[in-house]
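All remarks here apply to the structure that follows.
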Amino acid sequence: MQQVQAVVARSKDAPVELVTITVPDPGPGEAVVRVQACGVCHTDLHYVQGGIGDDYPYLLGHEASGIVEAVGEGVSEVAPGDFVILNWRAVCGECRACRRGRPWYCFNTHNATQRMTLEDGTELTPALGIGAFAEKTLVAAGQCTKVDPAARPAAAGLLGCGVMAGIGAALNTGNVGRGDSVAVIGCGGVGMAAVVGADLAGAARIIAVDVDPRKLDRARELGATDAVNAREADPVEAIRALTGGFGADVVIDAVGRPEIWRQAFYARDLAGTVVLVGVPTPEMELTVPLLDVFGRGGSLKSSWYGDCLPSRDFPMLIDLYTRGRLPLDAFVSEEIGIGEIDDAFAKMHRGEVLRSVVVMAGSRA
């Protein structure tokens with residue numbers, strides 16, 4: 001075992017702390033990864049605020065890339081020295097979804113068996129089973145996806161959560177095709193990635209919707225053909241006007257609120273698709289006339305992690321990135337040190353950044 005610096009949340013709404021933790025040697029099926037970079041995701045703030053659970057103390061961070069340092073018995077998919085992106089969908093290969101050839105729906109994903117601890121032995125709960133605001137972390141080997149080491153760590157790690165969620169919402173869940181019209185409501189990190197995903201898929205019209213003009217300008221830079229400021233125009237009417245009065249083929253809700261989902265529902269064309277990728281909170285409820293659901297046809301989908309299969313999607317997207325076809329660098333608003341996470345949370349809350357990325361000492365580009 002070894003001791004490293006890491007960021008933890010000890011209790012609800014308390015400031016995060018930089019402390020020393022103990023990382024066990026990897027056991028069977030496990031790997032220790034030297035973290036190079038980790039994005040500051042809104043999910044980490046949800047852990048701090050108690051929005052996910054109360055299993056404190058939490059070891060924060062999950063959008064990460066790094067180098068495999070050691071592996072346990074039986075590990076064959078990665079080896080020491082491999083550059084990897086961490087994921088929170090280590091598929092089991094045995095559940096009913098995996099047996100049906102749909103491992104991206106795996107119902108039995110797994111994490112490391114051993115727990116990392118504080119110096120006094122208190123067990124830590126790693127965010128999304130990863131815990132990567134740390135110099136090193138212990139994960140299940142299946143949570144490591146080997147990719148091209150030529151990729152910039154700060155950019156590559158973002159595929160570990162938000163960017164993959166958005167790209168996958170368009171490519172995998174929404175099945176956006178060449179010539180389609182797509183509307184993305186909410187242009188934070190996930191929504192912006194959905195814009196990029198729609199562009200990769202060859203959508204003819206990509207409509208970005210937000211209340212922040214800065215985000216709309218950024219969405220245009222990343223592939224949106226049109227921008228709608230929801231403070232100035234009704235999004236449903238604006239999307240219909242931009243699509244010949246019909247509505248978009250695919251509408252992606254990257255906010256996760258009932259009123260936004262209803263906008264997405266009524267802004268789609270007949271037989272169109274609504275994709276919910278924004279994460280709602282437990283108390284939220286939705287009421288829609290059932291006749292409208294029946295009469296409009298089409299598909300109403302949820303996108304969990306962009307319905308991705310890391311072993312399939314991460315290498316492909318990194319290949320596009322290294323060939324200049326996927327603008328991952330555009331999502332890195334700033335590189336920060338491990339002691340600057342509270343400030344990054346504040347910038348994220350104010351909408352000033354797509355992603356602040358913690359880059360460990362010695363790993364800066």
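Mapping of the sequence shown onto full-length UniProt numbering: residues 1 to 365, in sequence order.
For glycine and all other residues, C-beta sits at the position ideal for the given N, C-alpha and C.
None of these values were measured; they are calculated from a predicted model.
Are residue i and residue j touching if we call contact CB-CB under 8 Å?
i           : j      : result
Val255      : Gly186 : yes
Gln36       : Pro149 : no
Ile252      : Gly174 : yes
Ala271      : Gly247 : no
residue 366 : Lys146 : No information on residue 366 is available, as it lies outside the stretch 1 to 365 that the chain covers here.
Leu200      : Leu159 : no
Ala204      : Val176 : no
Val32       : Val23  : yes
Glu237      : Gln114 : no
Arg257      : Met284 : yes
Cys144      : Val68  : yes
Phe331      : Gly191 : no
Ile130      : Trp88  : yes
Asp211      : Ala141 : Sequence check: residue 211 is Val here, not Asp. Going by C-beta atoms, Val211 is not nearer than 8 Å to Ala141.
Ala64       : Ala132 : yes
residue 369 : Ala219 : Past the boundaries of the shown model lies residue 369; the chain is included only from 1 to 365, so the question cannot be answered.
Look up residue i in the DSSP assignment and say whether it is helix, strand or coil.
i           : result
Val68       : strand
Asp55       : coil
Phe107      : coil
Thr287      : coil
Cys38       : strand
Arg10       : coil
Leu159      : helix
Asp269      : strand
residue 366 : Missing from the structure shown is residue 366; the chain here goes from 1 to 365 and no further.
Ser76       : coil
Leu86       : strand
Ala183      : strand
Thr281      : coil
Ala361      : coil
Asp210      : strand
Can you say whether residue i is buried or exposed, counting buried as having 16 or more other CB atoms within 10 angstroms of its CB?
i           : result
Phe345      : buried
Leu286      : exposed
His62       : buried
Ala365      : Low per-residue confidence applies at Ala365: pLDDT is 49, beneath 50, and the placement is therefore not dependable, though the value from the model is reported in the following sentence. The residue is exposed, with fewer than 16 neighbouring Cβ atoms inside 10 Å.
Ser11       : exposed
Ala194      : buried
Ala361      : exposed
Val293      : exposed
Asn111      : buried
Gly27       : exposed
Ala233      : exposed
residue 418 : Here the chain covers residues 1 to 365 and nothing more, so residue 418 does not appear.
Pro282      : exposed
Glu135      : buried
Asp120      : exposed
message = Closer than 8 Å is the cut-off here; do at least three beta carbon pairs connect the segment 89–109 with the segment 9–16?
response = no
request  = Any chance you could list the alpha helix (DSSP H) runs of at least 4 consecutive residues sitting entirely within the segment 221–266, in chain order?
outcome  = Within the segment 221–266, the complete alpha helix (DSSP H) runs of at least 4 residues are 235–241 and 258–266.
inquiry  = Ignoring anything shorter than 4 residues, give me the alpha helix (DSSP H) runs that lie fully in the segment 318–354, in order along the chain.
reply    = Taking 4 residues as the shortest admissible run, the segment 318–354 contains the following complete alpha helix (DSSP H) segments, listed from N- to C-terminal end: 341–349.
message = I'd like the ranges of any alpha helix (DSSP H) spanning at least 4 consecutive residues and lying wholly in the segment 102–157.
response = 153–156
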